[in-house]
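Position 90 of the sequence shown, counted from 1, bears residue number 207 in my numbering, the numbering being contiguous throughout.
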Amino acid sequence: MLEEMGLTPIWRLRESTVPAEQAPAAASAAVLEPRSTIHESPQPAAGQKPRITNHESRITDSSDRRATIMRMEWPGLKEAVASCVACPLHAKRNKTVFGVGDENADWLFVGEGPGADEDAQGEPFVGQAGRLLDNMLAAIRLQRGQNVYIANVVKCRPPGNRNPQPAEALSCEPYLHRQIDLIRPKLIIALGKVAAANLLASDASVASMRGKVHDYRGTPLIVTYHPAYLLRSLQDKAKAWADLCFAVKTMQGLQESKTAAS
Ligand code: SF4
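Rendered as C-alpha cells:
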C-alpha cells in the first residue's frame, strides 16, 4: 500500500535510534510550547477591567452556545452538528462531517475541514488525502477507528475547498473542543496550518511548529503537514515521516510516564 502511494522507503517504520531506557526522557525533554486555553480568566478585582487573552476574546461572543455545547454528551453533540446552521457553511453542505473513530482513542488527528468526497460521504479524510492519511497511520501501526479518532476544525465543507474563514472556525470551535474533552486523547496531531492555527491560536508556520510538543489545554499536541499538502509537495514527505516518528516516541514516553506513576 505504501509502495503504491510512492512513499517507500520513507514510510517504513524504523526502530528508534533512542535507546529504550532513554525514550521517556527524550519525549519529556521535547520543547513544551505555551498553552492554548479556553479556561475562564480569574475574576477581576472591583474597578479593574477584565483581562481577556487573545484566545478568550475569540469565544466571548457566543458564550451561552459554547457553554451548552460543552455540556453535551456524544448523542446530543452529534445531533447538534447534524442540524447546525451557526455559520454560513451550512448553506452549501451536503452532509456534516462530525468525525470518525474510537471515542476512547489515545490518538486524535485533526484536519481543517471536509472536501468534496467528505461532504458527499459524511466522513473525514476519505479521498486521496484520506488514503494517504490511512497509509501514514499504517506506517506507525495505527488504523482508522482503532485507538484513533479523526476530526476537523469545521464540520461543513468550505466552498471550493478554501480554508475556513476565522468566523466559521470560531463558530465550529465548541464542537471540536467538546469532542476532545469527551475523547480525552493522550496525544493530538494537528494536520496542517489551519488545524494548528486554530488549536494553538497561533499564526506560526507549520515548519516552525514541527518537532515540538505543544500543549492544548493540558493535552500534548504535535504539528505536521496535512496529507493533501503532502500529495502536492513530495519533498516534505520525509519531514512528515520524521514528525510521525517523533509522535510515536512522544506517545511511548507518555505511556511509560503513566506506568511509572501508577
Ligand atoms: Fe455549524 Fe460548524 Fe457547519 Fe458552521 S461549519 S454550520 S458551525 S457545524
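The C-beta atom is built at its ideal place from N, Cα and C for all residues, glycine as well.
Check                                                                                                               : Outcome
Three-pair Cβ contact test at 8 Å for the region 269-280 versus the region 187-197                                  : no
Residue 180 Cβ short of 7 Å to the ligand SF4 heavy atom set                                                        : no
Near the ligand SF4: residue 213 beta-carbon under 7 Å from a heavy atom                                            : yes
Reduced DSSP secondary structure (H/G/I, E/B, other) of residue 225                                                 : strand
Residue 203 Cβ short of 7 Å to the ligand ATP heavy atom set                                                        : This structure simply doesn't include the ligand ATP; it includes the ligand SF4 instead.
Unbroken alpha helix (DSSP H) run spanning residue 302, endpoints                                                   : No alpha helix (DSSP H) contains residue 302, which DSSP labels as neither H nor E.
Beta bridge counterpart(s) of residue 268 as assigned by DSSP                                                       : 227
Touching by the beta-carbon criterion (3+ pairs, under 8 Å), the region 331-342 and the region 236-243              : no
Contact test: residue 271 Cβ vs the ligand SF4 heavy atom, cutoff 7 Å                                               : yes
Residue 294 Cβ short of 7 Å to the ligand SF4 heavy atom set                                                        : no
Per-residue burial, residue 67 [other beta carbons within 10 Å of its own, 16 or more giving buried]                : No answer is possible for residue 67: it lies beyond the span of the chain, which begins at 118 and ends at 379.
Cα-Cα separation between residue 293 and residue 377, rounded to whole angstroms                                    : 31 Å
Residues sharing a beta bridge with residue 307, DSSP                                                               : 227 and 340
Cβ contact (3+ pairs, closer than 8 Å) linking the region 228-237 and the region 300-317                            : yes
C-alpha distance - residue 213 paired with residue 327, whole-angstrom precision                                    : 30 Å
Residue 165 classed as buried or exposed, judged by whether at least 16 other C-beta atoms fall within 10 angstroms : Residue placement at residue 165 cannot be trusted, given a pLDDT of 45 that sits under 50; what the coordinates show is reported in the next sentence. Residue 165 is exposed by the Cβ-count criterion.
Interface flag, residue 287 vs chain C, CB-CB below 8 Å                                                             : The structure shown contains no chain C; it holds only a single protein chain.
Inter-residue spacing [alpha-carbon to alpha-carbon] between residue 290 and residue 374                            : 31 Å
The ligand SF4 heavy atom lying under 7 Å from the CB of residue 311                                                : no
Continuous alpha helix (DSSP H) assignments of at least 4 residues falling wholly in the region 231-285             : 233-238 and 245-256
Residue 350, buried or exposed, once every other Cβ within 10 Å from all chains shown has been counted against 16   : exposed
Paired residues, beta bridge with residue 217 - DSSP                                                                : 267
Integer Cβ distance of residue 232 from residue 274, believed to fall under 8 Å                                     : 7 Å
Within 8 Å, strictly: CB atoms of residue 211 and residue 236                                                       : yes
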